[in-house]
Structure formats: C-alpha cells, structure tokens
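Working notes, beginning with the structure itself.
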Amino acid sequence: MPDLTETQTAKAALRAEALARRDALPAAERVVAAEAIAGRAFPVPVAAGMIVAGFSPMKTEINPVPLMRKLADAGAQLALPAIAGRGKPLIMRAWHFGEPLKAGQWGIREPLPEAGEVAPDILIVPLACFDRAGHRIGYGAGYYDMTIHALRVKKKAVAIGIAFAAQEIPKVPATERDARLDLVLTERETIDFRKP
1 MPDLTETQTA KAALRAEALA RRDALPAAER VVAAEAIAGR AFPVPVAAGM
51 IVAGFSPMKT EINPVPLMRK LADAGAQLAL PAIAGRGKPL IMRAWHFGEP
101 LKAGQWGIRE PLPEAGEVAP DILIVPLACF DRAGHRIGYG AGYYDMTIHA
151 LRVKKKAVAI GIAFAAQEIP KVPATERDAR LDLVLTERET IDFRKP
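The sequence shown begins at 1 in the numbering used here and counts up by one.
In structure tokens form, the structure reads like this:
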C-alpha cells in the first residue's frame with residue numbers, strides 16, 4: 001500500500017496534468033460546456049427551499065453560474081463557500097444573485113461574513129480531475145473532503161462534481177480521507193456513482 005507521501009506526489013502530478021488540459025481548452029469552448037451542463041435535466045430533484053451550494057469559479061474552472069441560475073429559478077436557495085481556515089471545513093453561507101461578494105483567500109469571491117451559515121442539501125464541487133469511481137482530486141488543501149464528510153454527518157447531502165470531460169483520468173489514488181462524489185456533470189454526460 002503506498003504511503004501518504006507517495007499518494008500526495010501522485011496526486012500532484014495528476015492534478016498538474018489535468019489542469020494543463022483544462023487550461024488548454026479555448027475560452028469559447030469553456031462557455032459552451034457550462035451552458036451544456038445547465039441545459040440538461042438536473043439529475044437530482046430540486047424542491048423549493050432546498051439549499052444548493054455552488055462556488056465562485058477561479059482561473060479556467062468550469063463556470064457553475066449557469067447551473068446555479070437554473071437551480072435558483074427552480075426554487076433552490078443558493079449558498080457559496082467561505083474559507084474558515086486551514087484544516088477546517090468550508091463555511092457555506094446563504095447567497096442570492098445580486099448580493100455583494102468579497103474577495104476571500106486567493107481572491108475567491110465569497111459571501112459577506114454576516115450572511116447566514118447553512119447546511120446544503122446539494123453541494124456542487126469544483127475539482128482538478130476525477131475518475132469513474134467517484135473520486136476527485138482537488139487543489140490539495142482538502143477543504144471539500146472535510147466539508148463533504150462534515151455535512152454527511154448532519155444530513156443526507158449529495159455531492160456533485162462539475163468539470164470538463166477533459167479532466168477525467170483513469171484512476172484517482174484515493175485515501176480514506178477523500179470524500180467520494182455522488183455524481184459528476186461534464187459537458188458530455190452525467191456520471192452517476194450512486195448505487196441503484
């Protein structure tokens with residue numbers, strides 16, 4: 001069994017390769033991909049008042065905003081993450097389109113501190129790469145793994161990765177600390193890892 005350092009080294013290499021593929025996608029193609037995901041039927045029923053946490057995209061990440069708008073129009077209450085500090089789960093804060101955002105860590109846009117803290121029913125999760133077993137590699141700090149684990153202790157939350165098809169890899173070297181996704185949405189397909 002590989003040790004933690006070997007796993008981290010392998011993940012770093014896979015992350016770098018996947019991000020290079022993502023960065024190479026033309027901007028127009030990235031826009032079309034985000035619209036394609038939003039244009040398909042959402043794979044989880046969204047009832048009025050359900051809380052859906054999205055994220056503020058950075059760099060060449062797929063833009064979740066078209067999907068978030070669709071879910072808000074379907075009656076979902078939106079939330080966005082705020083970083084609480086290294087080694088801590090993200091704080092999900094209630095947010096609506098039009099409300100102000102502030103620059104948080106790494107310049108990522110997040111709700112103001114006075115926005116209410118919520119426990120999402122659905123988490124839309126950013127990622128560097130993913131595999132067909134529902135595992136993902138993020139950016140290395142473990143924020144989403146901690147957040148998904150903490151949320152699933154409280155409620156039956158659904159974690160949905162959103163990515164470009166080019167970010168798929170054959171196998172993520174997952175550990176027990178890694179939280180498994182329920183689904184991944186790409187511009188090409190909806191990949192469902194939940195047991196039937």
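The C-beta atom is built at its ideal place from N, Cα and C for all residues, glycine as well.
The model shown is predicted, which means the values in this text are computed figures rather than measured ones.
Assigned with DSSP and collapsed to three states, ASP192 falls in strand. With fewer than 16 other beta carbons inside 10 angstroms of its own, LEU112 counts as exposed.
DSSP places LYS102 in the strand class (E or B) of the three-state scheme. Within the model, the alpha-carbon separation for ASP131 versus ARG180 is close to 10 Å. From the listed residues LYS102, LEU25 and GLU35, the smallest Cα separation to LYS59 is found for LEU25.
Rounded to whole angstroms, PRO126 and GLY98 show a C-alpha spacing of 22 Å. Our two residues, ALA128 and MET92, have alpha carbons roughly 21 Å apart in a direct line. In this structure, HIS96 sits away from LEU123, with a CB-CB distance that is not shorter than 8 Å.
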